[in-house]
Structures are given as C-alpha cells and as structure tokens.
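Visitor:
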Amino acid sequence: MDKNDSNFRQTQPVMFDGMALPPFPPLLQDAKKRFEEIRNMEYRKGDIILAIYPKSGTHWVWEIVCMLLKQKAEYSKEPKELFFLEAMPDLSIVDSMESPRAVNTHLPYRWLPKQHIENGGKIVHVVRNPKDVCVSMYHHMKSSEEIGEIKDFKTFYETVFMNPNAKLMDGWYKYEKDFEQAEKNDTGGTIFTVHYESLKTNPITEISRLAEFLNINLKDQDIAEIADKCSFKKLKVANDTIKDHSILDIGEKSIGEKIKEFMYRKGEIGDWKNHFTVAMNEHFDAVYKEEMKDSNIKIQFE
Numbered sequence: 041m042d043k044n045d046s047n048f049r050q051t052q053p054v055m056f057d058g059m060a061l062p063p064f065p066p067l068l069q070d071a072k073k074r075f076e077e078i079r080n081m082e083y084r085k086g087d088i089i090l091a092i093y094p095k096s097g098t099h100w101v102w103e104i105v106c107m108l109l110k111q112k113a114e115y116s117k118e119p120k121e122l123f124f125l126e127a128m129p130d131l132s133i134v135d136s137m138e139s140p141r142a143v144n145t146h147l148p149y150r151w152l153p154k155q156h157i158e159n160g161g162k163i164v165h166v167v168r169n170p171k172d173v174c175v176s177m178y179h180h181m182k183s184s185e186e187i188g189e190i191k192d193f194k195t196f197y198e199t200v201f202m203n204p205n206a207k208l209m210d211g212w213y214k215y216e217k218d219f220e221q222a223e224k225n226d227t228g229g230t231i232f233t234v235h236y237e238s239l240k241t242n243p244i245t246e247i248s249r250l251a252e253f254l255n256i257n258l259k260d261q262d263i264a265e266i267a268d269k270c271s272f273k274k275l276k277v278a279n280d281t282i283k284d285h286s287i288l289d290i291g292e293k294s295i296g297e298k299i300k301e302f303m304y305r306k307g308e309i310g311d312w313k314n315h316f317t318v319a320m321n322e323h324f325d326a327v328y329k330e331e332m333k334d335s336n337i338k339i340q341f342e
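Per this note's numbering, residue 41 is the first one in the sequence shown, and the count goes up by one each step.
Next up, the structure:
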C-alpha cells in the first residue's frame with residue numbers, strides 16, 4: 041500500500057509477516073512480540089478460540105458462545121474487545137480468566153496458539169460472503185479511521201480490499217483457504233465452521249450445532265432464547281445499554297465509546313448490492329473465480 045496515497049491520512053496499517061494489521065497499541069509497539077506471545081500461549085483444558093476474519097460476525101458469535109457457556113440467554117457486561125488477543129493491553133488478562141476461557145482473534149490459522157492446536161482445543165470459525173465483508177469493512181474503516189481517511193467505497197475496494205499488496209489480515213482469500221485446509225487436516229473435529237448467512241437465516245439450527253460442538257446440552261427453549269437475544273437488533277441495543285465499554289478506555293482516550301459507536305451497523309445479507317457497481321461486481325467475480333478455483337467453500341452471495 042502506497043504510504044503517499046492521497047486518499048489516506050498518515051495513519052497506516054502495521055506490516056508484519058506479509059500482512060497489513062490494524063494499528064492496535066500492542067501491534068504498533070511490537071507486532072512480532074505480540075504474535076509470538078499469542079502463538080506461545082499456554083493451553084488450558086476447555087479453552088475456546090474464536091478465529092474469524094474481520095467483519096464476519098465475531099461480536100455476534102462471541103455473544104452466542106458466551107451465552108452457551110453460561111447456559112442461559114444473558115448478555116455479558118464485558119465487551120468482546122476485552123478478550124481480543126491482538127488488541128488487549130496484556131495477555132496476562134487471559135491467565136486470570138476462569139475456565140472455560142473463550143478468547144477471540146482475527147489472526148490467520150498459522151499464528152494461532154500452538155499448544156491449543158496440539159491439544160485439540162476447540163476453534164470456532166465463521167465464513168461470510170466476501171462482498172459483504174468488503175462493504176462492512178469499508179464502513180468500519182471509514183468510521184474508525186484505523187488506516188486513515190478513506191475517500192469513498194471505490195477507493196477502498198481498489199486500494200485496500202482487492203489490492204493484492206495490501207493483504208489486510210492476510211487478505212480474505214488466503215485467510216479462508218488456509219482455514220479450509222486446516223479443517224481438512226483436522227482429524228479430531230476441533231474446528232467448527234459456520235457460514236454467516238446460514239446463522240442469520242437458521243439461527244436455532246446453527247446454534248444447536250455449535251452447542252453440540254462445545255459439548256453443551258441445552259433445552260430447545262434455551263437455544264431459542266439465545267437465538268432471540270442474539271438477533272442483530274437486540275445485540276445492538278445491548279451493546280448500547282448493557283456493555284461496559286469504559287473498561288476499554290486507556291487514560292483520556294475514550295476507546296470504548298468509539299467502539300460502541302461504530303461496531304454494529306446493519307448485519308444484513310446482500311448489502312453489497314447497494315455499493316458495488318456492475319463493473320466492480322464483474323471484476324470481483326473474475327478475481328473470486330480464479331482465487332477459489334481449487335476451493336470447496338460455498339458462499340451465499342445474496
């Protein structure tokens with residue numbers, strides 16, 4: 041990504057291991073150190089890692105997992121970001137958590153904790169239509185200015201999301217294909233993959249499947265209540281009224297309030313059609329066809 045690109049402010053992503061990363065404080069200070077700390081985390085029996093590409097439903101599935109672990113449809117007061125491996129101030133926070141611990145990350149599969157994988161720790165993964173990921177990421181980046189000021193959607197599409205040199209968190213294609221390969225190699229059934237669109241249209245079925253994966257037995261009524269509480273509209277209200285985002289504030293920087301403002305937008309299927317031009321869509325489809333020619337991942341685009 042050209043640091044002199046006039047469409048961006050001086051804020052630039054952190055570059056490490058061929059990836060562009062969000063400018064979270066630990067990554068700005070020493071990305072290599074934080075990545076290695078995550079890879080070398082000690083495993084504890086019952087640990088769960090949500091490993092999901094950005095803007096693919098991490099907050100949503102995080103809340104579902106927390107409710108399943110508590111075995112009741114009750115929102116967590118703590119925001120997801122408090123347990124976000126690459127952004128939390130100190131990984132000692134993870135050490136102080138009670139088991140079963142659930143943490144979340146956008147890191148690609150190769151950087152997940154080695155002990156977790158070697159010990160058969162459970163991994164929850166979500167795949168979302170990349171066109172909707174692109175749109176959601178555009179609005180997120182535009183609001184947060186994590187990579188500077190973005191001129192418009194076309195600029196973001198061309199210079200960030202579809203730029204082969206940008207590779208935000210490895211880029212959607214590599215990230216998802218690496219997870220697909222990891223799941224093929226996963227003889228122990230430790231990776232649970234759900235499609236965002238299926239969770240949206242069949243929440244009870246998918247939440248029941250997730251509960252079974254986590255070895256949690258709940259009544260149908262409990263699953264239905266969790267599905268209801270985790271609808272997008274109710275999660276958005278809970279984010280504004282129940283979550284204590286002040287926990288995330290550092291000094292005078294109101295990080296929590298900023299996150300509160302822009303984290304939930306639409307959560308819809310097919311919003312890309314309101315942003316992609318015909319030419320952009322044709323370009324995307326051509327790139328997608330080439331990139332995914334050897335993949336069995338099935339995406340619901342609308």
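Glycine included, each C-beta is placed from N, C-alpha and C at the ideal position.
#1: Looking only at DSSP bridge pairs, what is GLU138 linked to?
#2: Quick check: the Cα distance between ASN80 and HIS165, rounded to an integer number of angstroms?
#3: Which residue wins for smallest C-alpha separation from GLU121, given the options GLY161, LYS154 and PHE64?
#4: Give me the residue from VAL318, ASP172 and LEU90 with the minimum Cα distance to ASN144.
#5: Rank ILE231, SER271, LYS269 and ASN225 by C-alpha distance to the C-alpha of ASP87 and give the top, closest one.
#6: What do you get for GLU158, buried or exposed, if any count of 16 or more other CB atoms within 10 angstroms of its CB means buried?
#7: Thinking just about the alpha-carbon of each residue, which of TYR236, SER139 and LYS217 is nearest to the one in SER96?
#8: Counting Cβ pairs closer than 8 Å, one from the stretch 134–148 and one from the stretch 169–177, do we hit at least three?
#9: May I ask you to list the residues that DSSP assigns as paired with ASN144?
#10: Taking the continuous beta strand (DSSP E) assigned at PHE56, which residues delimit it?
#11: What's the C-alpha gap between ASP289 and SER136?
#12: Return the residue from the list GLU308, GLU322 and THR317 that minimises the CA-CA distance to GLN340.
#13: Looking only at DSSP bridge pairs, what is LYS162 linked to?
#14: Between the Cα of TYR197 and those of ASP210, CYS174 and GLU185, spot the shortest distance and give me the residue it belongs to.
#15: Contact between the stretch 66–81 and the stretch 247–259: three or more CB pairs below 8 Å?
#16: For chain D, find out if any of its Cβ atoms is closer than 7 Å to the Cβ of SER176; answer yes or no.
#17: Could you work out which residue in SER176, PHE201, LYS217 and ALA113 is closest to ASN314 when comparing CA atoms only?
#18: Look at the alpha carbon of VAL318 and the alpha carbon of ASP192, and state the distance between them as a whole number of angstroms.
#19: Of the residues TRP212, VAL134, TYR93 and GLN111, which one's Cα is nearest the Cα of MET332?
#20: In the DSSP assignment, find the unbroken beta strand (DSSP E) run with ILE266 in it and report its ends.
#21: Helix, strand or coil for THR98? Go by DSSP, reduced to three states.
#22: Compare the C-alpha of GLU82 against each of VAL234, GLU342, PHE316 and GLN155 and name the closest.
#23: Does the Cβ-Cβ distance between ILE244 and ILE256 come in under 7 Å?
#24: With burial defined as no fewer than 16 other Cβ atoms inside 10 Å of the residue's Cβ, what is the status of THR241: buried or exposed?
#25: Residues bridged to MET59 by DSSP?
#26: According to DSSP, simplified to helix, strand and coil, what is PHE254?
#27: Name the one or two DSSP bridge partners that VAL175 has.
#28: Do you know whose CA, among MET202, LEU275 and LYS217, lies nearest ASP325's CA?
#29: Would you call GLU330 buried or exposed, if buried means 16 or more other Cβ atoms sit within 10 Å of its Cβ?
#30: Identify which residue in GLY161, PRO62 and ALA113 has its Cα closest to the Cα of THR345.
Guide: Considering the structure as presented:
#1: GLU138 pairs with nothing; no bridge assigned.
#2: Straight-line Cα distance between these residues: approximately 20 Å.
#3: Looking at the Cα atoms, PHE64 is the closest of the given residues.
#4: LEU90
#5: Looking from the CA of ASP87, the closest CA among ILE231, SER271, LYS269 and ASN225 belongs to ILE231.
#6: exposed
#7: TYR236
#8: no
#9: LEU90 and PHE124
#10: 54–56
#11: Bear in mind that a pLDDT of 48 at ASP289, under 50, signals an unreliable position, so the model cannot answer this.
#12: GLU308
#13: ILE88
#14: CYS174
#15: no
#16: Here there is only one protein chain, and chain D is not present.
#17: SER176
#18: 17 Å
#19: TRP212
#20: Here ILE266 belongs to no beta strand (DSSP E); instead the alpha helix (DSSP H) covers 260–269.
#21: helix
#22: GLN155
#23: no
#24: exposed
#25: PHE56
#26: Strictly speaking, residue 254 in this sequence is Leu, with Phe absent from that position. LEU254: coil per DSSP, three-state reduction.
#27: None; VAL175 has no bridge partner.
#28: MET202
#29: That one is exposed.
#30: Here the chain has residues from 41 to 342 only, and residue 345 is not among them.
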